[in-house]
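K.L.:
Dropping the structure in here first, questions after.
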Amino acid sequence: GVMSRVSIEQTIPLLHHQVSYTNFKVDYRKYIRLTQRANWAFHILSKVSKGSDRREFPLGGRRLFSISEEGSLRGYELGEFWGNYILLANAELRIPLIDEIKFAMPVSIRNIRSVIFADLGSAWDKGERLTTRHNSTDEKKETDLKCSYGVGLRILLGFLPLRIDYAWNTDFVATSHNTNFSIGYDF
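Counting in this note's numbering, the sequence shown runs from 13 upward without gaps.
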């Protein structure tokens with residue numbers, strides 16, 4: 013299936029508070045069934061903030077507890093990148109492993125799933141350019157496109173959706189790795 017959402021958030025000056033910004037958000041998701049139980053999931057997110065008091069958006073990993081399903085740039089720290097503009101693309105191959113493990117107590121572990129993923133994203137401010145070049149001699153600050161790829165597990169423990177991701181991140185020059193544990197649903 014497909015899900016898409018476009019939103020606009022506009023401040024309205026009230027009383028003596030003259031905060032002025034407009035936020036635009038485009039969120040697109042596509043799911044392709046490969047077999048009865050495995051699928052591809054694709055996600056593209058773009059956010060822009062304009063105005064004299066424009067907002068900065070975070071880009072990076074997920075919080076430990078997250079109710080947001082916007083996706084993340086796995087392999088990086090939460091809020092590692094900030095900008096008035098963000099662009100994020102995620103792709104996941106979702107493969108079921110075990111449906112349920114029952115215990116003697118009324119507790120079970122359900123929906124154990126594996127994921128293979130790739131993420132691509134960047135955050136930048138007004139006046140900066142989005143580029144994939146690592147070093148630049150331009151006076152204008154350039155923002156590198158960041159990428160991560162890896163594997164993960166999804167486990168439903170009672171009512172808690174657990175996510176464990178092992179990601180390699182790269183700026184197309186150097187690579188490092190990071191393990192991320194979070195509670196919350198995927199995009």
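We put the beta carbon where it would ideally sit given N, CA and C, even for glycine.
Less than 8 Å between the beta carbons of ALA179 and ARG106, yes or no?
P.N.:
The answer is no: Cβ separation not under 8 Å.
K.L.:
Spell out a yes or no on whether the segment 43-61 and the segment 158-165 are touching, meaning 3 or more CB-CB pairs, one atom from each, closer than 8 Å.
P.N.:
no
K.L.:
In chain order, what residues of the same chain lie with their CB nearer than 6 Å to the CB of TYR97, ignoring the 5 residues before and after it?
P.N.:
VAL60, TRP136
K.L.:
One question on the structure: do ASN102 and ARG166 come within less than 8 Å of each other, judged by their Cβ atoms?
P.N.:
no
K.L.:
Let's test the definition: count the other Cβ atoms within 10 Å of the Cβ of GLY87 and tell me whether it reaches 16, buried, or not, exposed.
P.N.:
Looking at its Cβ environment, which holds 16 or more other Cβ atoms inside 10 Å, GLY87 is buried.
K.L.:
Give the straight-line distance between the Cα atoms of ILE20 and PHE36, rounded to the nearest whole angstrom.
P.N.:
5 Å
K.L.:
Can you give the Cα-Cα distance for THR47 and PRO108, rounded to whole angstroms?
P.N.:
11 Å
K.L.:
May I have the straight-line CA-CA distance separating LEU132 from LYS62, to the nearest angstrom?
P.N.:
23 Å
K.L.:
Kindly provide the ranges of any beta strand (DSSP E) runs that are 3 or more residues long and lie completely inside the segment 71-148, ordered along the chain.
P.N.:
As far as the segment 71-148 is concerned, its whole beta strand (DSSP E) runs of at least 3 residues are 93-95, 97-114, 120-136, 141-143.
K.L.:
Taking the beta strand (DSSP E) that GLY164 belongs to, which residues open and close that run?
P.N.:
158-169
K.L.:
Between which two residues does the beta strand (DSSP E) harbouring THR34 extend?
P.N.:
34-45
K.L.:
Quick check on this structure: which residue in GLY13, ILE121, VAL127, VAL31 has the alpha carbon closest to the alpha carbon of VAL170?
P.N.:
Inspection of the sequence shows that residue 170 is occupied by Gly rather than by Val. Nearest of GLY13, ILE121, VAL127, VAL31 to GLY170, Cα basis: ILE121.
K.L.:
Have a look at the DSSP bridge pairing and note the partners of TYR178.
P.N.:
VAL163, THR191
K.L.:
Apart from the five residues on each side of it in sequence, which residues of its chain come closer than 6 Å, Cβ to Cβ, to GLU89?
P.N.:
GLY72, GLY73
K.L.:
Taking LEU168 as the reference, give the member of VAL119, LEU99, TYR40 with the closest Cα.
P.N.:
VAL119
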